[in-house]
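Undergrad:
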Amino acid sequence: MTTLPTASGSFGDKPAITFPEGGAPSGLQVQVLEEGTGPVVEAGRTIVVNYLGQTWGGHVFDNSYDRGAPIDFPIGVGAVIGGWDKGLVGKNVGSRVLLSIPPEHGYGMRGVPQAGIGGGDTLVFVVDVVGVR
82 MTTLPTASGS FGDKPAITFP EGGAPSGLQV QVLEEGTGPV VEAGRTIVVN
132 YLGQTWGGHV FDNSYDRGAP IDFPIGVGAV IGGWDKGLVG KNVGSRVLLS
182 IPPEHGYGMR GVPQAGIGGG DTLVFVVDVV GVR
């Protein structure tokens, strides 16, 4: 049993991620931190989220909380990294979800150098599912 990171705050709060000792788990890990009661996110719909993304044990590379606005995008159809497509479909609006995304479901061995994401990095996101349409 691999220990997952923990996130501070609750739905709507900018989280801070605390990492456990040891390396990242293998495979996609999805943990619902707060269960929402809104509609279920279905593949092919547009999801509206706030999120914070951080490399495993490393730096925050992106977050929507500081921008003061959520983002929206099609979910479950390959428009975003696989870990988001696989990890967020089926969740309820109002949920806070922790995703630990290995490179094969993230940015692979190429990474995103301009964001400081190295090839082979595991990514950790805290995602607040704000809406679906």
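Residues in the sequence shown are numbered from 82 upward in steps of one, following my numbering. The C-beta atom is built at its ideal place from N, Cα and C for all residues, glycine as well.
In its own chain, which residues sit with a C-beta less than 7 Å from the C-beta of Ile128, not counting the 5 before and 5 after it?
TA: Here the question's residue 128 lines up with position 47 in the sequence shown. Closer than 7 Å at Cβ, skipping near neighbours: Val122, Asp153, Phe154, Ile156, Leu169, Val210 and Val213.
Undergrad: Here's the rule I'm using: 16 or more other beta-carbon atoms within 10 Å means buried, otherwise exposed. How should Ala105 be labelled?
TA: The residue labelled residue 105 in the question sits at position 24 within the sequence shown. Burial call: buried.
Undergrad: Return the Cβ separation of Gly175 and Phe100 in integer angstroms, given the expectation that the two are a contact with Cβ distance under 8 Å.
TA: For the purposes of this step, residue 175 is taken as the residue at position 94 of the sequence shown. For the purposes of this step, residue 100 is taken as the residue at position 19 of the sequence shown. Not a contact, Cβ separation roughly 26 Å.
Undergrad: In this structure, does DSSP put Ala105 in helix, strand or coil?
TA: For the purposes of this step, residue 105 is taken as the residue at position 24 of the sequence shown. Correct three-state label for Ala105: coil.
Undergrad: By the DSSP assignment, the alpha helix (DSSP H) with Gly163 in it spans what residues?
TA: Residue numbering aside, residue 163 sits at position 82 when the sequence shown is read from its first letter. According to the DSSP assignment, Gly163 belongs to the alpha helix (DSSP H) that extends over Gly163 to Leu169.
Undergrad: Could you pull out every residue in the same chain whose Cβ sits closer than 6 Å to the Cβ of Trp165, ignoring the five residues on either side in sequence?
TA: Taking the sequence shown and counting its residues from 1, the one referred to as residue 165 is at position 84. So no residue of the chain qualifies.
Undergrad: Between the stretch 140-151 and the stretch 108-125, do at least 3 Cβ pairs fall closer than 8 Å?
TA: They do not touch, by the three-pair rule.
Undergrad: Could you give the DSSP three-state label for Glu123: helix, strand or coil?
TA: Residue mapping note: residue 123 aligns to position 42 of the sequence shown, counting from 1. Here Glu123 sits in coil by DSSP.
Undergrad: Does Pro155 come out as helix, strand or coil in the three-state DSSP assignment?
TA: For the purposes of this step, residue 155 is identified with residue 74 of the sequence shown, where counting begins at 1. Three-state result, Pro155: strand.
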